[in-house]
Structure formats: C-alpha cells, structure tokens
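Note that the sequence shown covers residues 1 to 362 in the UniProt record's numbering. Even for Gly, the Cβ is constructed at its ideal location relative to N, Cα and C. A quick note: this is a predicted structure, and the numbers were derived from the prediction, not measured.
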Amino acid sequence: MSNLRSLPSTAPLIIGYASNANSGKVDRAIVDGANIIIWSFIHLHITDDSKCTIKTSLDLVEIKRIREKYKHVVHLAAFGGWNGPHPPTFSNGSSLSGEKWCEVFMKFNEESDGLFDGIDWDYEGNDNLDAPTAKFTLETLDIMADFTTEAKSQGLIVSMAPAESYLDASVDPDSIDATFSLRLDLPPRAWTSPEDRDMIKGFSHAGRQCYAYVIAKAGVESFDFISIQLYEGYAPYVYEVTRAGKNPVDTIMERVDGFLGGYVVKGMPLTSSPEYEVKIPPSKLVIGIANRWADGIKFCKIDPKTLKDAYDRTENKYGEGFLGVMFWTINEEGDDAKSRMTHALKKEFQDLHPGDFGDNEL
C-alpha cells in the first residue's frame with residue numbers, strides 16, 4: 001500500500017493506545033508529542049456463514065480525519081486486549097493460517113483507505129479463569145508469528161506489547177520462571193510470601209514467557225518494536241519497586257540489560273531446539289507504562305523523569321537509548337497539562353530531538 005507511513009526516524013518515540021477517536025484526547029496527545037497511536041482493538045472474526053473478516057467497534061471515519069490532519073503520526077491497529085477474543089476457529093476446530101489472516105487484514109485495511117500502517121499484538125488473558133482465553137493455544141501463537149512475517153513482507157509495521165510476565169527478562173535463569181508456558185492463569189511470580197499472597201487476594205492472571213515463542217518463530221527482526229508492559233497487574237516490576245524498595249531506574253535497567261544482553265527461555269515447543277535466547281536490540285525496545293489510572297499498588301506508577309534517567313543510562317552504556325515509551329491509555333489523559341502523560345514525556349525528552357515533536361494546532 002503506497003500510503004503506508006514509516007516509523008519516525010529518531011528516538012524516543014511516544015506511543016499511546018486509544019479506543020475513542022471522538023473525545024479530542026487523541027488530537028491533544030498528538031499535539032503534546034505522541035507520534036504513534038495504537039488503536040484498540042480490532043479482532044479476527046469468523047461469521048456464522050464461515051466468512052473470515054476483521055471486526056471492530058472503532059470509529060474508522062474519525063480515525064481517518066485524525067490521520068489526514070496529522071501527517072507525521074503513525075497509526076497501528078491492535079489485536080487482543082484483556083478479556084478480548086483470541087483467533088477464532090471454524091466449526092470443525094480448524095482456523096486460517098497466520099498468512100491467510102494477514103490477507104484478510106490487508107483487504108480490510110485497503111477497504112478502509114489504508115488507515116493503519118501496521119498491527120500490534122496484544123493478546124492477553126481473561127478475568128474468568130475458566131474461559132478458553134485464560135490460556136494460549138500453540139495455534140494462536142503460530143498465527144501471530146506467521147501473520148507477522150507475512151505482514152513484514154507486505155511492508156507493514158509490526159509490534160507486540162507483552163505483559164511483563166509474558167516476556168520476562170528479569171527472571172532467575174535457573175528457575176521455572178525462565179520456562180515457556182501457554183498458561184495465562186498463573187500466580188504472579190514475585191509475590192510469594194504469606195503477606196504478599198494475602199495482598200494480591202488470589203490474583204492469578206500471569207503468564208510465563210509465552211510471547212518468546214512468537215519472537216523465536218517470526219524472528220526478532222520481523223518486529224519494528226516490542227513494548228514491555230511494566231504496568232501488568234502485580235508485575236515483577238511493581239513488586240520490586242513497591243514491596244522490595246528497589247530504585248525504579250535500577251529496576252528498569254535490569255530489564256533493559258536483560259533484553260539487550262539476552263536471556264534463555266527453556267521448554268520451547270520449537271522443532272529446532274527447546275531453548276531460545278530472547279535478545280532485543282535497543283532500537284526495538286519500548287518501555288510500557290500506565291498513566292494516571294494506575295494505583296501504584298497493583299499497577300505501577302512510573303514518572304517521566306525515571307524513564308528519562310533510564311534512557312540516558314541506556315544510551316551511555318550501549319551507545320543508544322531504547323526506542324521509546326508506550327503508555328496505556330490516551331483515554332485516561334486529563335484536561336490540564338500536569339495530568340497528561342504525553343505532555344510530561346515531551347517535557348522530559350524534547351531536549352534530545354526538539355524537531356521530532358509536532359507542535360500542531362488542535
């Protein structure tokens with residue numbers, strides 16, 4: 001598609017998820033400095049008469065207005081979401097391949113005037129632990145990987161946003177936490193003491209290295225960026241900072257070092273080897289945070305100054321900073337500048353590349 005946009009050429013990117021195109025908050029976020037909008041969500045869907053389509057409640061007309069107004073901004077469509085559907089199957093249990101699903105998306109995107117420059121994988125678990133989507137199937141992960149490689153061959157941008165437990169670089173390499181699992185109903189690994197267990201009140205919605213399989217099969221080179229959701233509920237990050245009292249910048253850097261240096265995931269259902277080294281270069285690594293909705297207990301709060309300090313340390317250590325910062329969600333941005341994550345991130349990072357942040361009028 002000739003109108004596909006490329007990633008902004010210089011870091012750090014400011015990436016925001018959004019579902020409401022009509023509130024004016026996306027326009028405001030772009031003016032504040034967001035240069036990638038990830039629209040949540042679209043879904044792979046099979047109709048009652050077995051037609052394969054893309055299903056969404058997004059206002060595509062309004063997204064088109066935003067796209068046409070702000071020419072420098074990249075727009076991606078996200079699959080999944082918490083409690084969201086995973087790829088569907090036909091009545092006989094079979095499904096399309098990832099390559100074929102990509103063709104379905106390409107047709108949908110063409111019919112939508114090329115609204116989206118690419119896609120983002122955000123498949124997650126379910127509040128209901130008995131739901132089919134409280135675990136992954138290998139078929140779902142294969143669809144993600146095969147769709148990814150086909151999408152790249154078609155010139156699309158591809159990203160993923162695993163919850164921290166789904167791609168956890170800070171694990172003990174000799175523990176079970178470094179072992180692949182399809183389950184999305186596990187207790188969070190760091191919260192092990194009786195006091196911790198009492199605090200999380202039976203919460204059991206973690207995964208274990210599941211997204212590593214998608215990277216292994218598709219190849220890290222197939223992804224333009226990978227956003228690690230440090231704001232996962234009761235994530236290892238929030239435990240280490242709030243319960244163990246570790247320095248937030250040091251804690252982020254442990255993750256950065258783990259991804260950039262590489263860590264091995266065991267028990268992978270790969271034909272080549274049961275072990276795979278997850279290694280993400282800084283040019284593809286994005287730190288995922290929450291904005292003002294986070295409570296700082298279950299969901300971590302990370303201030304922009306902490307991110308800037310981590311970015312600077314990454315740049316000093318590796319010769320370049322990580323690619324950018326992602327946050328969930330633009331829908332929760334406030335009206336005043338102090339309550340808007342995009343404004344705060346721009347304020348911290350704009351001295352690096354002042355010309356990269358749009359000063360468009362609303």
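Problem set entry | Between the CA atoms of Val73 and Ala344 - distance to the nearest angstrom | 19 Å
Exercise. Quick one, are the C-beta atoms of Asn291 and Glu333 less than 8 Å apart?
Worked result: yes
For this session: Mark Trp191 as exposed unless 16 or more other C-beta atoms lie within 10 angstroms of its C-beta, in which case mark it buried.
Result: With 16 or more other Cβ atoms inside 10 Å of its own Cβ, Trp191 counts as buried.
Exercise. Can we say the stretch 148 to 159 touches the stretch 207 to 223, given the rule of at least three CB pairs closer than 8 Å?
Worked result: yes
For this session: Taking Leu7 as the reference, give the member of Phe223, Lys305, Ile252 and Asp250 with the closest Cα.
Result: Phe223
Problem set entry | For Glu240 and Asp172, the rounded distance between their alpha carbons | 14 Å
For this session: Have a look at the DSSP bridge pairing and note the partners of Ala18.
Result: Trp39
Exercise. Under 8 Å, do Val265 and Gln209 count as touching if we go by C-beta distance?
Worked result: Yes; because the gap between Cβ atoms is below 8 Å, this pair is in contact.
Problem set entry | Coarse secondary structure for Asp122, derived from DSSP in three states | strand
For this session: Answer with buried or exposed for Pro12, where buried requires no fewer than 16 other C-beta atoms within 10 angstroms of its C-beta.
Result: buried
Exercise. His75 to Ser193, Cα distance in whole Å?
Worked result: 43 Å
For this session: Kindly give me the distance between the Cβ atoms of Ser40 and Tyr17, rounded to whole angstroms, as I take these residues to be in contact under 8 Å.
Result: Right, their Cβ atoms sit about 5 Å apart.
For this session: Please state whether DSSP places Trp101 in a helix, a strand or coil.
Result: helix
Exercise. Three or more beta-carbon pairs under 8 Å between the stretch 97 to 106 and the stretch 58 to 68, yes or no?
Worked result: Cβ pair count under 8 Å is below three, so no.
Exercise. Just how far apart, CA to CA, sit Trp101 and Trp121?
Worked result: 13 Å
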